[in-house]
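Number of protein chains: 2
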Amino acid sequence: MEVEGAASPPERSRRPAVMSDVGRLAGVSHQTVSRVINGSRHVRPATRERVLAAMRELGYRPNSIARALVTGRSQTLGVVSFDTTLYGPASTLFGIERAAHEAGYFIIIASLKALDRASVSEAVDRLSLHGVDGILVIVSEQGSAQALLDTVPSVPMVAVEGGPDQGIPVVAVDQREGARLATRHLLELGHRTVWHVTGPVASLEAQARIRGWESALVQAGAPVPPPLTGDWSARSGYFLGRQLSREASATAVFVGNDQMALGLLRAMHEAGRPVPGDVSVVGFDDIPEAPFFTPPLTTVRQDFGEVGSRSLRVLVRAIEAHQAGVRPPEGSLVAPELMVRASTAPFTG
Amino acid sequence: MEVEGAASPPERSRRPAVMSDVGRLAGVSHQTVSRVINGSRHVRPATRERVLAAMRELGYRPNSIARALVTGRSQTLGVVSFDTTLYGPASTLFGIERAAHEAGYFIIIASLKALDRASVSEAVDRLSLHGVDGILVIVSEQGSAQALLDTVPSVPMVAVEGGPDQGIPVVAVDQREGARLATRHLLELGHRTVWHVTGPVASLEAQARIRGWESALVQAGAPVPPPLTGDWSARSGYFLGRQLSREASATAVFVGNDQMALGLLRAMHEAGRPVPGDVSVVGFDDIPEAPFFTPPLTTVRQDFGEVGSRSLRVLVRAIEAHQAGVRPPEGSLVAPELMVRASTAPFTG
DNA sequence: GCGCCATAGGTTAGCGCTAACATCCCGCCC
DNA sequence: GGGCGGGATGTTAGCGCTAACCTATGGCGC
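Protein chains in written order, with my numbering: chain A, 1083 to 1431; chain B, 1083 to 1431.
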């Protein structure tokens, strides 16, 4: 079709085409090509068509690095996370990525070796050095939440799943409300009180769940048993479950997450204390396997995907606010939901 | 110390310092600053010190986008994956990220909406457009493996966890060997044959496990029962388990992954067929929860982290080979390991 | 017919860095 | 002592793109 390009034989596509190659073939300047790409109104339809045809013919792909250099925006966002192997962070990351894709951003990840301040700052630093436009920190631990405030952020940041109470926007599930839901459910089944297997002390989520559990107990006038501290693993749930199985008065347990609940279920089974006949158990998270535990686990669902996509949208708004020089947006809380299954039953004292 | 810089008061750090600012303060050209940063030998120690001091004073951070533009390398690698929520891909991704960090690369992720050819190519395209130096594709499905061959790769690629037999390097766990391990274990316990609950038909892993299971059966002269097809979820394992529980001759089951094994365990429990008393069950993956199933699950461990880090190293070598214009490296297989726990027992017919 | 303004496009200067070459200076050898 | 080699540094020219400004053209009102 284009007789113009006939001068250069199939030898084209040696080195990738750049803007001026397209311009030359279309008989316009490289700037006009840029205008076509960026949708400027000041290009005649006929010219636009010629440029588009030339782009097609040369297989032109815009170079986003050159564009990033000149615009100062890389369309890339960083995510800092600790253990992306766990279901929670993994699903959150997934939600983030989907929302980022929709918003035209890429996600680059920086996982932490350890959960201390230094590595959080180091990760944030590494990302901003690489030129990201904003950073999401999936933070779940007190030290790292603190580290966020120490960090001098060169780009907008949003904390996900937990974070400092002020300073930067936080998007998370309402942990305290979730714990209240779980505790009240057990209380309403007639249990005198509810024991609690917690996550590690430094975990913000664990702390919030403890507060929610405690407040529900206090509000109902129930005694507050000493919490048992685990580490989120099925293993720790198992050992704490063995311990609890010897506590005859323990007929209802609110476990800090589903993995520990699985371990606890196993310990109760071994100890001959049937669930839910003898002991009722509620977990937290609602991992996909929870309905298939023995027995199917009553648990509190956290919508991680929603947390991820919502936090991404907050970050994008924060970036826009930053550019416009206006106030950053607020964070928000995602509501948890109680999933009642077969691991809880009325108290039959 | 530096009287030179006194002209500009604390008003510095308005706009981030660039190389020539550092050079000016140190009394050298911007190129010498570049030499210091890139560790050139042709800089006198005294000069180097002055430059480093100036960098510190101005809080200089090199701009990696500008560097990427001129060198043509962004120090960024792309990872294409489908469901990063599952334990396998999530751990693989984690291993990749750790190894990338060590090798001085960043990881940018592109997750797929669907598992078809189009979305794989689209993701690869999106990543290379963004300027990645290489791409890892966590592929586990026949269609996408094929898509990889269709893709005209502008950058080096490596397939992870599965992929076409030729064309690009593949790093994966030896699925067939893992399936043989599981099947032989059950056969050695005296079971007449071993049933198999498989993953979805299009899954490369599922296919390889079926082949391994079949070959172990044939080699032992055992009959080959019809495989039951699941979809990796605990839910499907549960329903197929219900079906299998009615099959009196089924005393040994090799389940394609641990989640389905969990569902199957639950179905057997409900059907009053004790595991391992009546039925022996072997899973695949060895997810962290497997030891805490009821009963603790015998399963085949896949070292996902090793697959991730090994594939990253192969990709880095592929990039170097690409630049040097030599042949790309070979892929490799990671050995699986049988973890014997309490869900398998000798056949007592 | 002239100025005026809108429209369509070209020209020029960078973004911050590295690669390639040019230059200077010094010691050393014949 | 003069040329020469090589280490230390400066100068120049891009990488591929966008922003800002400039120019040509044409329609329109008076």
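Here a beta-carbon is modelled for each residue, glycine too, at the ideal position from N, C-alpha and C.
Residue-level contact check: A:Gly1345 touches chain B, since one or more beta carbons of chain B fall below 8 Å from its beta carbon.
Relative to A:Ala1192, the option among A:Ala1182, A:Asp1313, A:Ser1203, A:His1183 whose CA is nearest is A:Ser1203. Of all residues in the region 1207-1232 of chain A, those with a C-beta nearer than 7 Å to a C-beta of chain B are Leu1211, His1212, Gly1213, reading in chain order. Here the alpha carbon of B:Met1101 sits roughly 9 Å from the alpha carbon of B:Ser1111.
Contact of A:Arg1348 with chain B by beta-carbon distance below 7 Å involves Phe1374, Thr1376. With at least 16 other beta carbons inside 10 angstroms of its own, A:Gly1177 counts as buried. Between B:Thr1311 and B:Gln1341, the alpha-carbon positions lie close to 14 Å from each other. Scanning its chain for C-beta atoms nearer than 6 Å, with the 5 sequence neighbours on each side dropped, one finds around A:Trp1277 the residues Pro1307, Ala1332, Val1335, in chain order. For A:Thr1430, the closest alpha carbon among the candidates A:Glu1329, A:His1273, A:Pro1356 is that of A:His1273. A:Ala1099 and A:Leu1107 have their C-alpha atoms some 11 Å from each other. Per DSSP, B:Thr1380 is one residue of the beta strand (DSSP E) stretching across 1380-1383.
Taking a Cβ-Cβ threshold of 7 Å, the residues of chain B close to A:His1351 are Thr1376, in chain order.
For the region 1188-1201 of chain B, the beta-carbon criterion of a distance under 9 Å to any beta-carbon of chain A is satisfied by Phe1188, Ile1189, Ile1190, Ile1191, Ala1192, Ser1193, Lys1195.
Cα atoms of A:Met1239 and A:Glu1259: separation of roughly 26 Å, rounded to the nearest angstrom. Here B:Glu1223 is bridged, per DSSP, to B:Ser1285. In this structure, the alpha-carbon of B:Leu1326 lies about 53 Å from that of B:Val1408. Going by DSSP, A:Gly1365 is part of the beta strand (DSSP E) stretching over 1362-1367.
Counting only the Cα atoms, A:Thr1114 lies some 10 Å from A:Gly1121. Contact between the region 1161-1171 of chain A and the region 1127-1140 of chain A is absent, with fewer than three C-beta pairs closer than 8 Å. Note on A:Ala1200: under 16 other CB atoms within 10 angstroms of its CB, so exposed under the neighbour-count rule. Sequence-distant Cβ neighbours of B:Asn1339 in its own chain, meaning closer than 6 Å and more than five residues away, are Trp1314, Phe1366, Asp1367. A:Ala1261 and A:Glu1371 have their C-alpha atoms roughly 20 Å apart.
With a threshold of 16 other beta carbon atoms within 10 Å, B:Ala1241 meets it and is buried.
Between B:Phe1164 and chain A, the shortest Cβ-Cβ separation is not below 8 Å. Bridge partners of A:Met1342 according to DSSP: none are assigned.
By the Cβ-count criterion, A:Gly1413 is buried, with 16 or more other Cβ atoms from all chains shown falling within 10 Å of its own Cβ.
Among the residues of chain B, those whose CB is under 9 Å from the CB of A:Glu1179 are Thr1166, Ile1191, Ala1192, Ser1193, following chain order.
The beta carbons of A:Pro1358 and A:Ala1427 sit closer together than 8 Å. Linking A:Asp1232 to A:Asp1215 through their CA atoms gives a straight-line distance of about 19 Å. By the beta-carbon neighbour count (other beta carbons within 10 angstroms, threshold 16), A:Arg1348 is buried. The region 1209-1226 of chain B makes no contact with the region 1215-1224 of chain A: fewer than 3 CB pairs, one atom from each, lie closer than 8 Å. Along the length of the region 1128-1204 of chain A, whole alpha helix (DSSP H) runs at least 4 residues long occupy 1146-1153, 1169-1185, reported in chain order. Under the Cβ criterion of 8 Å, B:Leu1379 is not counted among the residues facing chain A. Where A:Ser1315 is concerned, there is no enclosing beta strand (DSSP E), because DSSP gives it neither an H nor an E. For B:Ile1250, the closest C-alpha among the options B:Val1416, B:Ala1406, B:Ala1400 is that of B:Ala1400. Taking C-beta atoms under 8 Å as the contact rule, A:Glu1287 and A:Gly1245 fail to qualify, at a distance of about 11 Å.
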